[in-house]
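**Student:**
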Amino acid sequence: LPLVWNQTLMDNKYYMFGFSRFALCTFYVTDLVLVWADTPATEDIYKKALERGISGFDEEKRSILMCNLAAAVSESPSHIRFSCPSLQTIAAEVKLSENLSWSFNADLCDSRVSSDFFRGLCCQSLANHGLSLYRGFQMENMIRTRDEYILYLEENYKTVNGTELMSKYRRQHAGSASILLRYSKE
């Protein structure tokens, strides 16, 4: 599945879309009820590239094209023009440069492919949530470690120099001094 999803509005309805360049390059569109996908065969990609005027199209140029398509779909959704010729097909024209655009014709997927898609999307969401929880836990540990180190330095400073300079700082910087408290999850 794509790593980055964007949304678009067609016929007063929101759709998510993304491009996966791994294994099989696939362009997905979904309204979270139905799924449309375009997975062109390697031969079709070569044929379309030659039609678009890309000469000497080889595996290296294919890889560059897939990277550029992935970047265009994930980073520049405004450069994509969607149309819905029928309920069975959603067409997308991705503008890669002034002279080059790439078209996708995403066809409506059957129920088996759709269920696999939604299972994968759900697993992807859970993995992202798990990663977010882990990163939050790491951040809390880092903040606690920093607080302990600051407390250690503060105690050593007080022992050597007294508390006068620290009190002066807190008076002069009342706004930032209020956050100089130990970290609490609450």
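As numbered in full-length UniProt numbering, the sequence shown has no gaps in its residue numbers, which increase by one up to the final residue, 186.
Virtual Cβ for every residue (Gly too), placed ideally from N, Cα, C.
As the structure is a computational prediction, the values presented were derived from the model and not from experiment.
(1) Rounding to the nearest angstrom, what Cα-Cα distance links Ser176 and Gln124 in this structure?
(2) Please report how far the alpha carbon of Lys13 lies from the alpha carbon of Arg62, in whole angstroms.
(3) Report the residue from Leu121, Leu133, Val29 whose alpha carbon sits nearest the alpha carbon of Ile90.
(4) Who are the Cβ neighbours of Asp38 in its own chain at under 6 Å, not counting the five residues just before and after it?
(5) Considering only their Cβ atoms, is the gap separating Cys84 from Met10 smaller than 7 Å?
(6) Since Phe82 and Thr145 should fall inside the 8 Å C-beta cutoff, what is the C-beta to C-beta distance between them, to a whole number of angstroms?
(7) If contacts are defined as beta-carbon pairs under 8 Å, then Ser101 and Lys95 qualify, I think. What distance do you get, rounded to the angstrom?
(8) Please report the distance separating the alpha-carbon of Ser132 from that of Leu126.
(9) To the nearest angstrom, how far is the alpha carbon of Phe118 from that of Gly130?
(10) Can you tell me which residues form a DSSP beta bridge with Tyr14?
(11) Evaluate contact between the segment 39 to 49 and the segment 58 to 74, counting only Cβ atoms and requiring at least three cross-stretch pairs below 8 Å.
(12) Let me know if Ser184 comes out buried or exposed under the rule of 16 or more other beta-carbons within 10 Å of its beta-carbon.
(13) So, helix, strand or coil for Ala92, using DSSP?
(14) Should Ala174 be labelled buried (16 or more other beta-carbon atoms within 10 Å of its own) or exposed?
(15) Taking a contact to mean a Cβ-Cβ separation below 7 Å, would you say Arg21 touches Ala70 in this structure?
**Tutor:** By the coordinates alone:
(1) Working through the sequence shown from its first residue, we reach residue 176 at position 176. Working through the sequence shown from its first residue, we reach residue 124 at position 124. The C-alpha of Ser176 lies about 40 Å from the C-alpha of Gln124.
(2) Translated into the one-based positions of the sequence shown, residue 13 becomes position 13. Translated into the one-based positions of the sequence shown, residue 62 becomes position 62. Looking at the two C-alpha atoms, the distance is approximately 33 Å.
(3) As a position in the sequence shown, residue 90 is number 90, starting the count at 1. Comparing alpha-carbon positions, the option among Leu121, Leu133, Val29 lying closest to Ile90 turns out to be Val29.
(4) Here residue 38 refers to the residue found at position 38 of the sequence shown. Excluding residues within five positions, the ones whose Cβ falls inside 6 Å are Phe27, Phe104, Asn105, Ala106.
(5) Indexing the sequence shown from 1 puts residue 10 at position 10. Indexing the sequence shown from 1 puts residue 84 at position 84. Yes.
(6) Looking up residue 82 in the sequence shown gives position 82. Looking up residue 145 in the sequence shown gives position 145. Going by Cβ atoms, the distance from Phe82 to Thr145 rounds to 49 Å, so no, they are not a contact pair.
(7) As a working note, residue 101 is residue 101 in the sequence shown. As a working note, residue 95 is residue 95 in the sequence shown. Confirmed, Cβ separation roughly 5 Å.
(8) Numbered from 1 along the sequence shown, position 132 holds the residue referred to as residue 132. Numbered from 1 along the sequence shown, position 126 holds the residue referred to as residue 126. Those two C-alpha atoms are separated by around 10 Å.
(9) Mapped onto the sequence shown, residue 118 falls at position 118. Mapped onto the sequence shown, residue 130 falls at position 130. Phe118 and Gly130 have their C-alpha atoms some 18 Å from each other.
(10) What you label residue 14 is simply residue 14 of the sequence shown in a count that begins at 1. Answer by DSSP bridge pairing, in chain order: Leu9.
(11) yes
(12) Taking the first residue of the sequence shown as 1, we reach residue 184 at position 184. Exposed, because fewer than 16 other Cβ atoms sit within 10 Å of the Cβ of Ser184.
(13) Here residue 92 corresponds to residue number 92 of the sequence shown, with the count starting at 1. Three-state DSSP puts Ala92 in a strand.
(14) On the sequence shown, residue 174 is found 174 positions in, with the first residue counted as 1. By the neighbour-count rule (16 or more Cβ atoms within 10 Å), Ala174 is not buried but exposed.
(15) Taking the first residue of the sequence shown as 1, we reach residue 21 at position 21. Taking the first residue of the sequence shown as 1, we reach residue 70 at position 70. For Arg21 and Ala70, yes; Cβs fall inside 7 Å.
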